[in-house]
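Data block below; observations after.
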Amino acid sequence: MVVSSLVKSERAALTSVPLLLVPQMLLAGALVPYREMNRGLFKHDGFNRERGGTPIPAEFMPLRHSYEAMVVAQATRNPFEYERYRLQRRIEKMKDYDKTLPDDVADRFDLMKEGLRRLLASGASTPEEAVSLFARITRLARSGTRLEVETIKVWPDDQPKVRPASEFFVNERIDLLVREAETFRSDYRNEKPRNVFLGLKKTFTLIEPGPKIPDNPKAESKGLVLEFETLDCAIVSQLLIVIGCGVVSSLVLAAQNRRTH
78 MVVSSLVKSE RAALTSVPLL LVPQMLLAGA LVPYREMNRG LFKHDGFNRE
128 RGGTPIPAEF MPLRHSYEAM VVAQATRNPF EYERYRLQRR IEKMKDYDKT
178 LPDDVADRFD LMKEGLRRLL ASGASTPEEA VSLFARITRL ARSGTRLEVE
228 TIKVWPDDQP KVRPASEFFV NERIDLLVRE AETFRSDYRN EKPRNVFLGL
278 KKTFTLIEPG PKIPDNPKAE SKGLVLEFET LDCAIVSQLL IVIGCGVVSS
328 LVLAAQNRRT H
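Numbering (our numbering), first residue to last: 78 to 338.
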């Protein structure tokens with residue numbers, strides 16, 4: 078839309094399209110891995126290139142944000158990972174509870190862990206069976222009795238084509254890419270939060286952490302750091318790009334109309 082409003086002929090428009098698309102395709106991260114690109118494209122040179130960093134020009138490429146969101150969604154929003162995350166999130170909340178858990182909550186905590194174990198060990202013959210089994214395991218782990226959870230049949234022995242249920246939805250290559258990115262992002266050697274390509278979260282530092290106080294080495298200004306899900310950041314980025322293109326096109330067309338009148 079922006080190109081159409083800027084150029085004056087069809088030939089110029091057709092010539093401009095490859096000039097816009099080719100850099101996006103090369104810098105999206107799908108065709109050419111970032112770690113194989115020139116060090117000069119990265120902030121802090123080789124360190125960012127080897128540890129999940131993004132080339133500076135790629136930060137402005139819409140296709141890069143689309144590809145990253147697609148990979149992260151495949152790794153985290155498939156039926157298996159969705160149910161696993163629901164159980165894991167409840168377990169983490171209970172585990173971080175400061176006080177001693179009441180008996181009923183402690184019992185539910187054990188059932189949630191047992192449900193997660195059974196979810197990871199589940200098997201099915203078809204994707205439909207797998208989805209149904211995932212939902213049943215999660216439902217019983219969250220609200221069922223101990224007898225119901227412990228008697229869930231997660232691997233049907235009478236069906237010859239049974240295989241691990243996660244294999245219907247989890248792409249091993251994508252899963253490895255995201256796990257590697259999370260390893261780089263959560264590395265204890267990072268002096269401050271890093272944004273890693275294909276990581277699950279993005280951080281934005283609004284106020285840099287202050288220096289330590291000499292009289293109290295443990296006290297320091299933590300600054301202001303915001304953390305968002307990668308998918309949310311990708312959605313916002315795409316919306317801003319669409320809105321920006323619309324605004325630019327409107328301004329160009331308005332200027333052209335004023336010249337003709």
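All residues carry an ideal CB built from backbone N, CA and C; glycine is no exception.
Computed from a predicted structure; not experimentally measured.
First and last residue of the uninterrupted beta strand (DSSP E) at residue i
i, result
"Lys-279", "278-284"
"Leu-303", "301-306"
For residue i, the three-state DSSP class (helix, strand or coil)
i, result
"Arg-271", "coil"
"Ala-150", "helix"
"Pro-156", "helix"
"Arg-420", "As displayed, the chain neither begins before 78 nor continues past 338, which places residue 420 out of reach and without an answer."
"Ala-135", "helix"
"Ala-105", "coil"
"Gly-130", "coil"
"Ile-229", "coil"
"Asp-234", "coil"
"Phe-124", "helix"
"Pro-32", "The structure shown does not extend to residue 32, since the chain is modelled only from 78 through 338, so no value can be given for it."
"Asp-252", "helix"
"Val-313", "helix"
"Thr-337", "helix"
"Phe-246", "coil"
"Glu-174", "The residue you asked about is not Glu; residue 174 is Tyr in the sequence shown. Looking at Tyr-174 - three-state DSSP - the assignment turns out to be coil, as it is neither helix nor strand."
Cβ-Cβ separation, residue j to residue i (assumed contact under 8 Å), whole Å
i, j, result
"Val-231", "Arg-195", "5 Å"
"Pro-270", "Val-302", "6 Å"
"Leu-275", "Glu-145", "6 Å"
"Ala-105", "Arg-128", "Contact flag wrong, Cβ pair sits at about 19 Å."
"Ser-82", "Ser-243", "Actually they do not touch by this definition, with Cβ atoms about 48 Å apart."
"Pro-139", "Ile-320", "Actually they are not in contact, since the Cβ atoms of Pro-139 and Ile-320 sit about 12 Å apart, beyond 8 Å."
"Val-273", "Ala-258", "5 Å"
"Leu-164", "Gly-192", "6 Å"
"Leu-283", "Val-226", "So it is not a contact: roughly 45 Å between Cβ atoms."
"Leu-308", "Ala-152", "That belief does not hold up - the Cβ atoms of Leu-308 and Ala-152 are roughly 11 Å apart, past 8 Å."
"Met-102", "Leu-108", "6 Å"
Residue range of the unbroken alpha helix (DSSP H) whose run includes residue i
i, result
"Gly-192", "180-197"
"Ile-214", "204-220"
"Val-80", "79-83"
Bridge partners - residue i, DSSP secondary structure assignment
i, result
"Ala-90", "Beta-bridge pairing links Ala-90 to no other residue."
"Gly-200", "Pro-241"
> Per the contact definition of three or more C-beta pairs closer than 8 Å, is the stretch 248-261 in contact with the stretch 209-227?
Replying inline: Too few Cβ pairs lie closer than 8 Å, so no.
>> Is it the case that the stretch 116-128 contacts the stretch 217-228, given that we only count it when at least three CB pairs across the two stretches are under 8 Å?
In response: no
> Pairing CB atoms from the stretch 226-242 with CB atoms from the stretch 183-203, are three or more of them under 8 Å?
Replying inline: yes
> Can we say the stretch 170-190 touches the stretch 145-157, given the rule of at least three CB pairs closer than 8 Å?
Replying inline: no
> Touch check for the stretch 90-100 and the stretch 328-337: three-plus C-beta pairs under 8 Å?
Replying inline: Short answer: they don't touch.
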